[in-house]
Structure formats: structure tokens, C-alpha cells
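Novice: In our numbering, the protein residues as written are 5 to 312. Note that beta-carbon positions come from the ideal geometry of N, C-alpha and C, so glycine has one too. No experiment lies behind these values; they were computed from the predicted model shown. Here you go, one structure.
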Ligand code: NCD
């Protein structure tokens with residue numbers, strides 16, 4: 005049985021196969037409409053979510069399956085003190101596959117350890133978010149025709165942003181990736197990513213606080229929200245929340261074929277005036293999220309070979 009807890013749970017070859025399947029799904033949705041007939045997806049969301057939960061549900065419904073789930077800790081037995089391991093044991097009796105989001109780092113791994121159905125990590129605290137990464141990879145591939153030989157700017161909250169951590173893990177496995185890491189000094193990428201992933205893989209990168217200076221070099225700009233819910237101190241959040249605001253003026257500094265990605269939700273970090281720029285890819289990215297989750301559900305249920 006397979007789980008997806010970290011992007012590294014899929015090899016590069018498996019990731020590329022999954023992205024190819026997701027691309028095909030995007031082009032031939034009707035061919036996949038009954039792949040999961042009779043199958044159930046449980047969504048266990050113990051932290052707020054709009055896109056991830058709804059895109060999982062949309063993905064399973066588009067495959068002909070059905071969905072059940074909890075959308076907050078308050079509305080489930082977690083509020084009574086039930087452990088993740090007990091919850092997943094029970095959910096394993098009700099569903100064929102499960103997506104879980106939890107505020108604690110490592111919660112999805114604990115769930116997987118006690119589960120008899122495939123578990124997908126839909127975000128564990130400030131740690132990892134592998135299905136957002138698959139979404140990001142599909143977006144990059146679809147827009148640029150390749151993943152690799154490019155300079156990727158990651159901007160905003162690189163400390164608490166789990167999408168950033170997972171994306172770095174995944175991208176360093178492709179050739180010719182360079183990073184420009186743009187953040188306030190307090191929100192730099194954690195040491196375990198800088199030393200354990202970037203340095204360890206000899207990946208060229210530079211850390212800066214200045215977005216303007218980096219713009220002209222970038223092929224992809226990945227903007228992120230300052231993760232308010234992970235701050236210990238409201239004053240720090242208020243001081244840092246508007247560190248970067250991408251607007252039309254900044255976009256003038258960028259290449260014609262540089263694309264802006266954002267996992268969403270956006271707060272202030274991309275001005276709405278950028279939305280009409282053809283290089284603003286974040287809403288298309290949300291659509292790609294449904295296709296990759298369809299491909300992922302099929303893959304983890306061993307159904308990826310069932311559509312010719
Ligand atoms: C992200 C998350 O939950 O980490 N959102 C998402 O899943 N699309 C990013 C965020 O909340 O800032």
C-alpha cells in the first residue's frame with residue numbers, strides 16, 4: 005500500500021508519470037468519469053482549507069467516486085481528545101483512501117502508520133504539503149513545457165510555508181534548478197532545508213530580502229502568504245505581513261515569459277491589478293490541482309492503468 009506524506013515518496017519517474025496522467029486527465033476528463041465508481045475518499049481536515057479540501061472532493065467526484073469527511077477539529081471526535089491514530093483506524097473502515105490535514109507536523113505520517121488505506125498528506129503544520137507541490141509541478145510543466153533549467157524565486161514566508169518546503173524538496177531532483185530565496189531575515193528557509201536539501205544537493209541558490217533586484221532573473225516567481233496562524237506573536241506578524249507586495253510596477257521588471265504562482269489563499273502579497281497579467285498563473289494553478297489529485301487518487305488506488 006502506498007501513501008503520500010512527502011513529495012519524496014514518489015520517485016522522479018513516478019512523479020513524471022503522475023504529471024503525464026494529470027495532463028491527460030485535463031484534456032480528456034470524460035474518459036476518467038467512472039474510474040473510481042464505488043470508491044470513497046475521506047477528507048479529514050483539522051485545519052482550515054478551501055482549495056485543498058474542495059479540490060480533493062472535486063477530484064474524487066470527477067472520477068465517479070464519493071466523498072465523506074470532517075472539515076474542522078471542532079466538528080469531529082478530535083475535540084473529545086481522540087488521537088490521530090485511533091481516528092484513522094476507524095476511517096479505514098469507512099473509506100478506500102484518505103486525505104488528512106492537521107496542524108501538527110508529522111500527523112499524516114502517524115496516520116499512515118496506523119492506516120489500512122492509502123493516506124495523503126494534505127498539509128501537516130509548517131512541514132510539508134506534497135499535493136500542492138504536485139500541483140505546482142504540473143503548473144510549471146504546463147506553462148514552461150519542462151521542469152528544470154530555470155531560476156525559481158520563492159518569496160514571502162519561507163520559514164513556515166509548507167508549500168515552499170515541499171516544492172524545494174521536489175525541484176532539486178530536476179536538472180538545472182537555481183533558487184532565489186526572497187524573505188525577511190526572520191522568515192528565511194529553515195536550516196534543515198538550507199543545509200539538508202539545498203547545500204546537501206549542491207543546488208545553486210541565493211538568499212535576499214529584495215524582490216525588485218531578483219525579478220529580472222526569474223523564470224518562475226512563487227509568492228506565498230505570511231503564515232499568520234504559525235506566529236507566536238501578533239506584533240511580529242503585523243510587522244512582516246506586508247513585506248512583499250507584487251504589483252504592476254514590479255511585473256515590469258520581469259521577463260515576458262516569467263510566470264507568477266501562488267498556492268493561495270492570497271492576502272495582500274499580490275495586488276489584484278496583477279490578476280489580468282497573462283503571466284499571473286495562480287488561478288490556473290488551482291485548476292491543475294484538481295487534475296493532479298485525480299491522478300494521485302488513481303495512482304494510490306492502483307487504478308492508473310485502467311483507462312486506455
Ligand atoms: C497553502 C497551505 O495550506 O499551506 N494553501 C493551500 O493548500 N493551497 C498555503 C497557505 O495557506 O498559505
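What first and last residue would you give for the beta strand (DSSP E) that runs through residue 43?
Specialist: DSSP places residue 43 outside any beta strand (DSSP E), giving it a letter other than H or E.
Novice: For ligand 1, any of its heavy atoms closer than 7 Å to the Cβ of residue 269?
Specialist: yes
Novice: Is residue 258 buried or exposed, if buried means 16 or more other CB atoms sit within 10 Å of its CB?
Specialist: Classification of residue 258: buried, given that the 10 Å Cβ count is 16 or more.
Novice: Taking the Cβ atom as the reference point for each residue, do residue 250 and residue 55 lie within a distance shorter than 8 Å?
Specialist: no
Novice: Quick one: give me the first and last residue of the beta strand (DSSP E) that residue 183 is part of.
Specialist: 181 to 186
Novice: Say yes only if the C-beta of residue 6 is nearer than 7 Å to one or more non-hydrogen atoms of ligand 1, and no if none qualify.
Specialist: no
Novice: For residue 288, which three-state DSSP category applies?
Specialist: helix
Novice: Just checking, does the segment 157 to 173 make contact with the segment 218 to 236 on the three C-beta pairs under 8 Å criterion?
Specialist: yes
Novice: Using only the alpha-carbon positions, how far apart do residue 40 and residue 302 sit?
Specialist: For residue 40 and residue 302, the distance between alpha carbons rounds to 8 Å.
Novice: Are the beta-carbon atoms belonging to residue 334 and residue 96 less than 8 Å from one another?
Specialist: The structure shown has nothing for residue 334, since the chain only spans 5 to 312.
Novice: Taking the beta strand (DSSP E) that residue 105 belongs to, which residues open and close that run?
Specialist: 101 to 106
Novice: Can you name, in chain order, every residue of its own chain whose Cβ lies under 6 Å from the Cβ of residue 60, other than the five neighbours on each side?
Specialist: 47, 103 and 297
Novice: Name the DSSP bridge partner or partners of residue 192?
Specialist: Partner(s): none; residue 192 has no beta bridge.
Novice: Counting only runs of 3+ residues fully inside the segment 235 to 309, write out the beta strand (DSSP E) ranges in chain order.
Specialist: List check, beta strand (DSSP E) in window: 263 to 265.
Novice: Anyone know if the C-beta pair for residue 152 and residue 180 falls short of 8 Å?
Specialist: yes
Novice: Which word fits residue 146, buried or exposed, when buried means at least 16 other C-beta atoms lie within 10 angstroms of its C-beta?
Specialist: buried
Novice: Regarding residue 119 and ligand 1, is the C-beta to nearest heavy atom distance less than 7 Å?
Specialist: Residue side-chain check: residue 119 keeps its Cβ at 7 Å or more from all non-hydrogen atoms of ligand 1.
Novice: Residues in its own chain within less than 8 Å of residue 13 by CB, not counting five upstream and five downstream?
Specialist: Answer for residue 13: 6, 7 and 134, listed in chain order.
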